[in-house]
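Here the sequence shown stands for residues -26 to -1, 1 to 84, numbered as in mature numbering (1 follows the signal peptide of the UniProt record, and there is no 0). Data first, discussion second: the structure below is written as structure tokens.
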Amino acid sequence: MVSSTALFRLSILLIFFLAFFTIAEPRLVLHSQMSTSTQGEGSSLPKSGIDCSGACSVRCSESSRPNLCKRACGTCCLRCNCVPPGTYGNLQMCPCYAALTTHNGQPKCP
């Protein structure tokens, strides 16, 4: 059997929980609307100031698996708005690009 004190504490906790999400939710929606652009019908990709396709084509030009390289590079470019120059290395030029990792902790970006 649950005591009345425990029920009271649980109801107070539930009220605070609901109040927090009622107040926090509009801020989250506004933030997500500010960080997305309309790049087509229903698209929610962030704006990119560089030509990711062109930059990744250069970056992956000497790759043994160019399609895989371009797909990974494109994802990293959209997230970081940056692609390091050259076909390999130069990661210090784009710290965000260098910091992205896979679920296994390996570097995501070529």
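C-beta atoms are modelled at their ideal positions from N, C-alpha and C, and glycine is treated no differently.
Residue j beta carbon less than 8 angstroms from that of residue i
i          : j          : result
residue 65 : residue 59 : no
residue 70 : residue 48 : no
residue 74 : residue 50 : yes
residue 61 : residue 31 : no
residue 37 : residue 84 : yes
Coil, strand or helix - residue i by DSSP
i           : result
residue 3   : Annotation note: pLDDT 39 at residue 3 (below 50); position unreliable, coordinate value reported separately. Helix at residue 3.
residue 58  : coil
residue -15 : helix
residue 69  : helix
residue 77  : coil
residue -24 : coil
residue 40  : helix
residue 48  : helix
Assumed close pair residue i, residue j - CB separation to whole angstroms, cut-off 8 angstroms
i          : j          : result
residue 43 : residue 54 : That pair is no contact at about 16 angstroms.
Cβ neighbour criterion (16 or more within 10 Å) applied to residue i
i           : result
residue 46  : buried
residue -19 : exposed
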